[in-house]
Amino acid sequence: MPDTHIVTLSRHVVEQERLYPQATGQFTNILFDLALAAKVIAREVNKAGIVDILGRTDTVNVHGESVQKLDEYADLVILNAMDHTGNLCCLGSEEHEEVIPIPARFPTGEYALLYDPLDGSSNIDVNVSIGTIFSIHRKVSSGPRGGLEDCLQPGRKQVAAGYVVYGSSTMLVYTSGAGVHGFTLDPSIGEFVLSHESITLPDPPKPIYSVNEGYAPYWSEGQKALVAELKGDHTGRYIGSLVADFHRTLLRGGLFMYPADQRQPEGKLRLLYEAAPLAFIAEQAGGRASTGQIDIMDVQPTSLHQRTPLYMGSSRLVDVAERHLAGDSGA
Ligand code: P6P
321 MPDTHIVTLS RHVVEQERLY PQATGQFTNI LFDLALAAKV IAREVNKAGI
371 VDILGRTDTV NVHGESVQKL DEYADLVILN AMDHTGNLCC LGSEEHEEVI
421 PIPARFPTGE YALLYDPLDG SSNIDVNVSI GTIFSIHRKV SSGPRGGLED
471 CLQPGRKQVA AGYVVYGSST MLVYTSGAGV HGFTLDPSIG EFVLSHESIT
521 LPDPPKPIYS VNEGYAPYWS EGQKALVAEL KGDHTGRYIG SLVADFHRTL
571 LRGGLFMYPA DQRQPEGKLR LLYEAAPLAF IAEQAGGRAS TGQIDIMDVQ
621 PTSLHQRTPL YMGSSRLVDV AERHLAGDSG A
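Mind the numbering: the sequence shown is residues 321 to 651 in the working numbering, read in order.
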C-alpha cells in the first residue's frame, strides 16, 4: 500500500515558518517559487538529450565561458518565476554581469536572491548530474528597491540556502538555519517529497577526497602536502560538477577541494552563489567550509562574481586542510 504519510516541501517549509512567529510568509513563498522553477528546469534537463536544447549558444557569460542553451533557459525560468512576486528586492545571477533589478512595474520585497541557474553545465551533454544553487539574504539597503549592497553580504548573514541536483533523481536540499533537509521530486505527483530529513555529515566520514589532480603541477606546496597526506588511506572521487561533488560529500562525508593555484590565484568557484550557500549547508550539517585560511561564511564580499578557494566537508578534514595551507604564501 503506497505511503500516505507524505511530507511535501510546501508542508515542511510552512512548518519551519511556524518556528519564526515574526515570519511574513515572503520567505516561504520564495522557496515555493524556487521549487516550481526547479520542476520546470528538471523537465527540460531530463529530456535535454532529445530536444534541441543542448549545445552551445553563440553567447558567452561574464566569465567568458560559452553559455549552453540550458544555462540560458534555467536562468530565464528562475527570473520569470521570481521577478513579479513582490518577495524580492533584487537578484544576482552567474549569467548576469550586474545585479538584476525588479522591473518597475512589479512590487519589491524584503529579500535578495543570488543564484547559479545551472552549475556544471559543461557536463550537460555527457549526462553528468548538474545543479542549481541559491542563496537568500534579507534586504539591508535603505532605498525602496534593492541593489548591490543587498547582494554583497557575508555568508553568515544568509537567511536560507540550497541547491537542486538534477541526477538519477531530482533532489532539492535546503537549510533555513534549522538543519538541512532533502526532498526528492516524485514526477508521478509533481511534488518534492521529504526523503532526507535532518541531513548530517557522517562521523566518522567516508575516507574520500575530491579535487582535480590534473592541476597538481600548479598547486602550492601546502596543497601538495595536503593531498599527499590524504592519499593512501582515502579514495579519490571527482565528478567535476560542484553540486554533484558537494551532494556526495554531504551524504558520505570527506573533503571537497577547489584550491587556488598558479593559474587561478583566487580559485575558480564563485563566493556568493556557489561557495557561500553550500558553506551554510555544510555548517548546518555539522561540517565546515573554508577558503583554506578562514571560514567561507565570514568572507566579506567585494564584488558580485568574486571567486574563492574552497575546502568543504567533514570538519576534521577541513581542519587538516587549513593546517597544511597555513604556511602557504598563496599558490
Ligand atoms: P574543473 C563546472 O564547470 C564548475 O563550475 C563546477 O561545477 C565544478 O566543480 C568545477 O567547475 C570543475 O572545474 O576545473 O575541475 O573542470
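No residue lacks a Cβ here, since even glycine has one placed at the ideal position from N, Cα and C.
Heavy atom of the ligand P6P within 7 Å of residue i beta-carbon
i, result
"SER561", "yes"
"ASN400", "no"
"TYR593", "no"
"TYR486", "no"
"HIS639", "In the sequence under discussion, the amino acid at residue 639 is Asp, which differs from the His named in the question. Every heavy atom of the ligand P6P is 7 Å or more from the Cβ of ASP639, so no."
"GLY607", "no"
"SER652", "Residue coverage of the chain in this structure runs from 321 to 651, which leaves residue 652 outside it and unanswerable."
"TYR578", "yes"
"LYS389", "no"
"ASN532", "yes"
"SER442", "yes"
"ASP439", "yes"
"ASP565", "yes"
"LYS588", "yes"
N-terminal and C-terminal residue of the beta strand (DSSP E) that residue i is part of
i, result
"TYR435", "431-439"
"LEU598", "No beta strand (DSSP E) holds LEU598; the alpha helix (DSSP H) holding it covers 596-604."
"GLY406", "Here GLY406 belongs to no beta strand (DSSP E), and DSSP marks it neither H nor E."
"SER461", "Careful: SER461 lies outside any beta strand (DSSP E) and carries neither H nor E."
"LEU492", "490-495"
"PHE512", "511-516"
"SER530", "528-530"
"ARG331", "First-last for ARG331: 329-337, but that is the alpha helix (DSSP H), not the beta strand (DSSP E)."
Classification of residue i by the beta-carbon crowding that lies within 10 angstroms, buried from 16 upward
i, result
"GLU414", "buried"
"THR324", "exposed"
"ARG583", "exposed"
"HIS644", "buried"
"HIS652", "Examination of residue 652 is not possible in this model, given that the chain is present from 321 through 651 alone."
"LYS551", "exposed"
"THR495", "buried"
"VAL446", "exposed"
"LEU339", "exposed"
Pair within 8 Å by beta-carbon distance, residue i and residue j
i, j, result
"LEU630", "ILE614", "no"
"ILE559", "ILE456", "no"
"PHE566", "LEU329", "no"
"GLY574", "PRO527", "yes"
"ALA498", "GLN336", "yes"
"ILE509", "LEU570", "no"
"LEU637", "PRO525", "yes"
"ARG476", "ASP353", "no"
"GLN620", "PRO474", "yes"
"VAL493", "TYR486", "no"
First and last residue of the uninterrupted alpha helix (DSSP H) at residue i
i, result
"VAL360", "346-365"
"THR569", "562-572"
"GLY633", "It is not in any alpha helix (DSSP H) - GLY633 instead sits in the beta strand (DSSP E) that spans 630-633."
"LEU550", "541-550"
Of the listed residues the options, nearest to residue i (C-alpha basis)
i, options, result
"ALA289", "TYR435, HIS416, PRO507, ASN407", "Because the chain spans 321 through 651 in this model, residue 289 falls outside it and cannot be assessed."
"VAL563", "ILE453, LEU390, VAL397, GLU533", "ILE453"
"SER540", "THR569, LYS389, ALA580, ALA481", "ALA580"
"LEU622", "ARG425, LYS459, GLU364, LEU591", "The amino acid at residue 622 is misidentified as Leu; the sequence shows Thr. Nearest C-alpha to THR622: LEU591."
"HIS332", "LEU433, THR504, LYS389", "THR504"
"ASN381", "SER442, ASN447, ASP523", "SER442"
"LEU434", "THR379, ASP470, VAL460", "ASP470"
"ALA480", "MET491, SER635, GLY587, ALA432", "ALA432"
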